[in-house]
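Peer 1: In UniProt numbering, the protein residues as written are 1 to 315.
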Ligand SMILES: NC(=O)C1=CN([C@@H]2O[C@H](COP(=O)(O)OP(=O)(O)OC[C@H]3O[C@@H](n4cnc5c(N)ncnc54)[C@H](OP(=O)(O)O)[C@@H]3O)[C@@H](O)[C@H]2O)C=CC1
Ligand SMILES: CC(=O)N[C@@H](CCC(=O)OP(=O)(O)O)C(=O)O
């Protein structure tokens, strides 16, 4: 019997990408809404309640509304929006978060899909906090360089229309110091202090890299580049979608003439984790496709885990 799947927000950026993943699947029956009725609450409610799994690829307010439209106990919601990422009763859809997370995703009917920037940040910080290398109370800062598809249909149209020279150069944003991912970055790493987070959007479609600078003197005494790297290698051993790159990764940088390629995970569901360091300082970095492991790929991965299927099916 096929699993019945509905994407609420099927015409949007993340919804279309989920449909591409599902199109190759013989085990999935996709329920489609008539595009003319895609904002009709009654029709959405019918399909949401018919589905075994429904992805919410909607603005936050519409995602909250969709969750309230589900009146049965069978439908599993996987919400790609920011609405429920720290909400009680919702499980964070990151199987690699910690031992035991897969069991929680399997059992849950409400799964919140991590944000693109926060996915990279959490995968960097959580293992270091759990290992006691990064003290919980450390004041951490992070930057992210991202492609414009992260901003959804409107931002894609703006960049692709051309003719605006301001868009040619990278644009820092989040300068109110209240980016919407900060709550989940704090809650799911175990940090007790909100990180300072500053994203930068560039004139390329997709790809993202988060960098976290660290002074070794502020970490657990005796921390070295090697022990940082070992903490990642240990935590992510056997994880098919996380690749811990060789320490200081001379290969990557030499091939790129000393410059880091933020697009090298595009069209994959992979995250690459790097440690660049000297004797007293380190920069840890994680790179992913914001529409792959940063959104739609991660959502499909969580669906696979929830349904008890091979986690990498269709990815
Ligand atoms: N783009 C990305 O890389 C990522 C996005 N996200 C999150 O995923 C969610 C979707 O983002 P994204 O796909 O980029 O956004 P888009 O703006 O590309 O798509 C959103 C879709 O939702 C539709 N929509 C809006 N309101 C309603 C409603 N009331 N009922 C039904 N449909 C509605 C829109 O309709 P219309 O076509 O008329 O505009 C549009 O098709 C957001 O919460 C976003 O924050 C998460 C991770 C990464
Ligand atoms: C370039 C750009 O604007 N990116 C979006 C992030 C997209 C994403 O992952 O965020 P949500 O899932 O939380 O919507 C931003 O920084 O707000």
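Heads up, the beta-carbon is just placed ideally off N, CA and C, and yes, glycines get one too.
If you compare alpha carbons, which of 10, 193, 222, 147 is closest to residue 263?
Peer 2: Position 263 of the chain shown, counted from the start, is the residue given in the question as residue 263. The candidate whose alpha carbon is nearest that of residue 263 is 147.
Peer 1: Does the beta carbon of residue 303 fall short of 7 Å from some heavy atom of ligand 2?
Peer 2: Along the chain shown, one-based indexing puts residue 303 at 303. False, no ligand heavy atom lies under 7 Å from that Cβ.
Peer 1: Mind checking whether residue 172 and residue 133 have CB atoms under 8 Å apart?
Peer 2: If you number the chain shown from 1, residue 172 lands on position 172. If you number the chain shown from 1, residue 133 lands on position 133. No. Outside cutoff.
Peer 1: For residue 350, I'd like the list of residues in its chain whose CB is within less than 8 Å of its CB, leaving aside the five on either flank, ordered along the chain.
Peer 2: Here the chain comprises residues numbered 1 to 315, so residue 350 is not present and cannot be evaluated.
Peer 1: Does the beta-carbon of residue 140 have 16 or more other beta-carbons within 10 angstroms, so that it is buried, or is it exposed?
Peer 2: Numbered from its first residue, the chain shown carries residue 140 at position 140. It is buried - the Cβ of residue 140 has at least 16 other Cβ atoms within 10 Å.
Peer 1: State the Cα-Cα distance for the pair residue 308 and residue 198, rounded to the nearest angstrom.
Peer 2: For this step, residue 308 is matched to residue 308 along the chain shown. For this step, residue 198 is matched to residue 198 along the chain shown. The straight-line gap from Cα to Cα measures roughly 37 Å.
Peer 1: Rounded to whole angstroms, what's the CA-CA distance from residue 155 to residue 272? Just pull it up for me.
Peer 2: To locate residue 155, count along the chain shown from 1; it is residue 155. To locate residue 272, count along the chain shown from 1; it is residue 272. Near 26 Å, if we compare the C-alpha coordinates of residue 272 and residue 155.
Peer 1: If we call anything under 8 Å between Cβ atoms a contact, is residue 266 one with residue 207?
Peer 2: The residue given as residue 266 occupies position 266 in the chain shown. The residue given as residue 207 occupies position 207 in the chain shown. Yes, the pair counts as a contact, with Cβ atoms nearer than the cut-off.
Peer 1: Run through the DSSP bridge pairs and tell me what residue 144 is partnered with.
Peer 2: Position 144 of the chain shown, counted from the first residue, corresponds to residue 144. Answer by DSSP bridge pairing, in chain order: 199, 210.
Peer 1: What does the alpha-carbon distance come out to for the pair residue 111 and residue 91?
Peer 2: As a first step, residue 111 is located in the chain shown; it is residue number 111 there, counting from the start. As a first step, residue 91 is located in the chain shown; it is residue number 91 there, counting from the start. Their backbone Cα atoms lie some 5 Å apart in a straight line.
Peer 1: Given a cut-off of 8 Å, decide if residue 209 and residue 283 are closer than it, judged by their beta-carbon atoms.
Peer 2: For the purposes of this step, residue 283 is taken as residue 283 along the chain shown, with counting starting at 1. For the purposes of this step, residue 209 is taken as residue 209 along the chain shown, with counting starting at 1. Result no, Cβ atoms of residue 283 and residue 209 do not sit closer than 8 Å.
Peer 1: Report whether the distance from the Cβ of residue 199 to the nearest heavy atom of ligand 2 is below 7 Å.
Peer 2: Here residue 199 refers to the residue found at position 199 when the chain shown is read from its first residue. Residue 199 Cβ: within cutoff of ligand 2.
Peer 1: Among all the DSSP beta bridges, which residues are the ones paired with residue 275?
Peer 2: By 1-based counting over the chain shown, the position of residue 275 is 275. Looking at the DSSP assignment, residue 275 forms a beta bridge with 284.
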